[in-house]
Each structure stands twice: as C-alpha cells, then as structure tokens.
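Student: Numbering (my numbering), first residue to last: 11 to 344.
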Ligand code: TYM
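Here it is, written out as structure tokens:
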C-alpha cells in the first residue's frame, strides 16, 4: 500500500525562519519524511499577498528552501519545491475561489488580523483569497496530513469544507486532509510579549529568535526575555506565561518533560535556567545556520534541487488537476 501523503507550506516572507516556525512546523516536516510520502513547498505566491519587492522575494525564496534542506529535509525522501513552479496551484485556487462564499472567506481570523494591521487601503484581494490558495496547495497533492502550528487550524477547516463541497457537487475527487498539530509547540510565543504568537510580521526584533541569527544576539534576547514576578521555575500558563513559554521551548529542544525541568531548576533563579535555554537554542540553530550558508553559497546547485522537486510535484499536481477539469465541466483540448 502506498504511504500516506503529507504536505505543508512555508512563506518566504523574512530573511530567516524563527523558532516558532521551526518547532511548530519544520521539525515535524523532517520527522514525517519517515513513513509518509512528503511534499513541502516554499509558498512564494502567498508571499505576494502583502507588499513586497521582486528581488527580495527571489532571495528569500532561496533562503527559505536552503533552510528546509539544512534543517534535515532530504531531497531523496521528500519533494521540496517552490509553489510558483507548479502552475496548477493557481489554477485549482480559481476553481475553489468560485466555490467559496464571501462570508466564509471574511470569517478567517488571519485575514481579519492582517487587514486590520495593514489598513483597508493597502489590503488587497489576494490577502482575502489567501486561505483558498492554501486549500489548493493541500488538495492538489491529496494530502492526508498537514503539519502546521495552531494559527493554521481555521485554514485547514476551510480546506476540508471546500474539499467536501467539491466532492459532493462533482463526485469524489479530493482526499480530506487532517491538520497535524503537536501539543506544546503549536504556539511558541514572543519573548517580549509572551501572550502573543512569535511572528515574522508582528514580533519586535527582541521578541523573535531567528534560525539564522548569530549566537551573541540569540543569547542576549533569551537572557532579556520577559519573565514574570517571583523567581520560581514552574509551568503556570496563566500567571507565568513567560516562564511557561521558555519551559515549552526547553522541553521541545532537549526532549525533557516539563515536570522534570521544574524539578531540575527548583530553587534556582531565572538566570541559570535562561542560560541553559540559550545553550539549547544555539546547539539546535548552529548546524542549521552553517548548512544553510553552505547551500546558499552554490545557488545553481540549490536551484537544481528545486527544479528536481518541481518535476516530482508537477506530476502529482497534473494528475489531480486533470480530474478536476473533467469533473468541473471544462471541455478537453481536442
Ligand atoms: P507561515 O509561513 O506563516 O508559517 C510556517 C509554519 O510555521 C508555523 N508557525 C508557528 N508554529 C508555532 N508557533 C509559532 N509562533 C508559529 N509561527 C508560525 C505556522 O503555523 C506554519 O505551519 N499559511 C501558511 C503557509 C501555507 C501552508 C500551505 C501551510 C501556505 N500553503 C499549505 C500548510 C499547507 C503560513 O502562513 O505559514
């Protein structure tokens, strides 16, 4: 029997992924190469839903792809590709857009947050249809599982609704995908604002830990992370969200259960604990940073890896899209 499929996507909207992307998503991509037929894409078409510069996008797409390989995606086991290399994404998105209600799209909280942040004048229609393009990404590959952070849950629900709607109206075509969200790392928070998600677009530089950042600044940010009153290292989400976030991070990076960490740091101050968190972050980030730099030093080789990914992705996407065109009533080319 064929392995179940996994698909996920990540935006090239910053010069580096951050710890939230890594723990909430990328680490799962790597783990799921085992036992799944895995597809991962750098979603450059999603990145143009907000203001951007062409040259910056091109650079960031390569940086994103390099980080994926550097984090452990193996081109022999996973299909790693750039979304815009596979034309079917936009083609299927259009079909799905025509199945989506205005109210349904308007209820997406990420759209509401982003459009509020950018203001009505600079909110484009692309941002509104963003989740529908994401649904197309997933459904094209007939994905069973989609590893993401908690912020993508609503987009996954929309994807399932659209798949069911299409299947119901035109006959079984799409696999119903399930989100794969790992508890404990589904929402890594901002170091300066531990109730808010760590985010490329809204965190301050002091609140975000970039995968490609140098050890010095990383350590400084962790040592300066907002902690809470008192001095005990206990997991108390409500009263100590800063410490709870650092405990979750340390637990995920070292594989140590949180109660064990609480026992280990009993009677010790925040300083010792933060120093250990900084060490664990650096140990994880350093090899990824070094491999990313190496991959970026040979752009032609990196581009060839992505071209090979695109060939594999296109084969699957073309098969699904052929079915969709037929079911949806488009005339075949004679
Ligand atoms: P993006 O690029 O914003 O984020 C990439 C992945 O990182 C996760 N993530 C987090 N997880 C835990 N804590 C955080 N603070 C944190 N911040 C980000 C995100 O949940 C995501 O999994 N819409 C998607 C991109 C996308 C996609 C897809 C995902 C496009 N098409 C198809 C899955 C399948 C996004 O904005 O990701």
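Think of the CB as a built atom: it goes at the ideal place given N, C-alpha and C, for glycine as much as any other residue.
With a threshold of 7 Å (Cβ to nearest heavy atom), would residue 94 be considered close to the ligand TYM?
Tutor: Outside the cutoff, so no.
Student: Could you tell me if the beta carbon of residue 321 falls within a distance shorter than 7 Å of some heavy atom in the ligand TYM?
Tutor: For the ligand TYM, not one heavy atom lies less than 7 Å from the Cβ of residue 321.
Student: Alpha carbon to alpha carbon, how far is residue 303 from residue 272? Give it in angstroms, no decimals.
Tutor: So the alpha carbons of these two residues sit roughly 36 Å apart.
Student: Does the separation of the CB atoms of residue 53 and residue 82 fall below 8 Å?
Tutor: No, Cβ-Cβ distance for residue 53 and residue 82 is not below 8 Å.
Student: When the Cα atoms are used, what is the spatial distance from residue 245 to residue 257?
Tutor: Each residue's Cα considered, the two are about 7 Å apart.
Student: What do you get for residue 129, buried or exposed, if any count of 16 or more other CB atoms within 10 angstroms of its CB means buried?
Tutor: So residue 129 counts as exposed.
Student: Compute every distance between the C-beta of residue 73 and the non-hydrogen atoms of the ligand TYM, then say whether any falls below 7 Å.
Tutor: Because no heavy atom of the ligand TYM lies under 7 Å away, the Cβ of residue 73 does not count as near it: no.
Student: Where do the N-terminal and C-terminal ends of the beta strand (DSSP E) with residue 340 fall, by residue?
Tutor: Premise fails: residue 340 is in no beta strand (DSSP E) and is neither H nor E.
Student: Pick helix, strand or coil for residue 187, following the three-state DSSP scheme.
Tutor: Coil.
Student: For residue 287, I'd like the list of residues in its chain whose CB is within less than 7 Å of its CB, leaving aside the five on either flank, ordered along the chain.
Tutor: Closer than 7 Å at the Cβ level, and outside the excluded window around residue 287, lie 232, 256, 259 and 260.
Student: So, does the region 57-72 touch the region 105-118, judging by three or more C-beta pairs under 8 Å?
Tutor: These segments do not touch.
Student: What are the partner residues of residue 28, as DSSP defines its beta bridges?
Tutor: BP columns for residue 28 point to 220.
Student: Alpha carbon to alpha carbon, how far is residue 88 from residue 221? Give it in angstroms, no decimals.
Tutor: Their Cα atoms are separated by approximately 21 Å.
Student: For residue 109, collect the residues of the same chain with a Cβ closer than 7 Å to its Cβ; drop the 5 residues on either side in sequence, then sort them by chain order.
Tutor: Here the set comprises 172, 175 and 176.
Student: Can you list, in chain order, the residues of its chain with a C-beta nearer than 8 Å to that of residue 208? Leave out the 5 residues immediately preceding and following it.
Tutor: Contacts found: 28, 29, 30, 198, 199, 200, 201, 217, 218 and 219.
Student: According to DSSP, simplified to helix, strand and coil, what is residue 13?
Tutor: It is coil, neither helix nor strand.
Student: Inspect the CB distances between the region 183-193 and the region 50-67 and report whether three or more fall short of 8 Å.
Tutor: Cβ pair count under 8 Å is below three, so no.
Student: Using alpha carbons as the reference points, say which of 344, 298, 343 and 335 lies closest to residue 106.
Tutor: It is 335 whose Cα lies nearest to the Cα of residue 106.
Student: Does the Cβ-Cβ distance between residue 164 and residue 119 come in under 8 Å?
Tutor: Their beta carbons are under 8 Å apart, which means residue 164 touches residue 119 by this criterion.
Student: Between residue 147 and the ligand TYM, is there a pair consisting of the residue's CB and a ligand heavy atom that are separated by less than 7 Å?
Tutor: Under cutoff, so the answer is yes.
Student: Consult DSSP for residue 138 and reduce its assignment to one of helix, strand or coil.
Tutor: Reduced to three states, the DSSP call for residue 138 is helix.
Student: From this set, 170, 159, 148 and 342, which residue's C-alpha is nearest residue 17's C-alpha?
Tutor: Out of 170, 159, 148 and 342, 148 has the C-alpha closest to the C-alpha of residue 17.
Student: Measuring CB to CB, does residue 290 end up less than 8 Å from residue 263?
Tutor: It is a contact, given that the beta carbons lie within the stated cut-off.
Student: Start and end of the alpha helix (DSSP H) containing residue 245?
Tutor: Where residue 245 is concerned, there is no enclosing alpha helix (DSSP H), given that its DSSP letter is neither H nor E.
Student: Can you have a look at residue 159 and say buried or exposed, based on whether 16 or more other CB atoms are within 10 angstroms of its CB?
Tutor: Result: buried.
Student: Any chance you could list the alpha helix (DSSP H) runs of at least 4 consecutive residues sitting entirely within the region 52-121, in chain order?
Tutor: Within the region 52-121, the complete alpha helix (DSSP H) runs of at least 4 residues are 54-57, 64-81, 98-107 and 112-116.
Student: Is the Cβ-Cβ distance between residue 24 and residue 312 less than 8 Å?
Tutor: Cβ atoms of residue 24 and residue 312: not closer than 8 Å.
Student: Buried or exposed for residue 277, going by 16 or more other Cβ atoms inside 10 Å?
Tutor: Per the 10 Å Cβ criterion, exposed.
Student: Are the beta-carbon atoms of residue 331 and residue 79 separated by less than 8 Å?
Tutor: Not closer than 8 Å, so no.
Student: Should residue 205 be labelled buried (16 or more other beta-carbon atoms within 10 Å of its own) or exposed?
Tutor: The residue is exposed, with fewer than 16 neighbouring Cβ atoms inside 10 Å.
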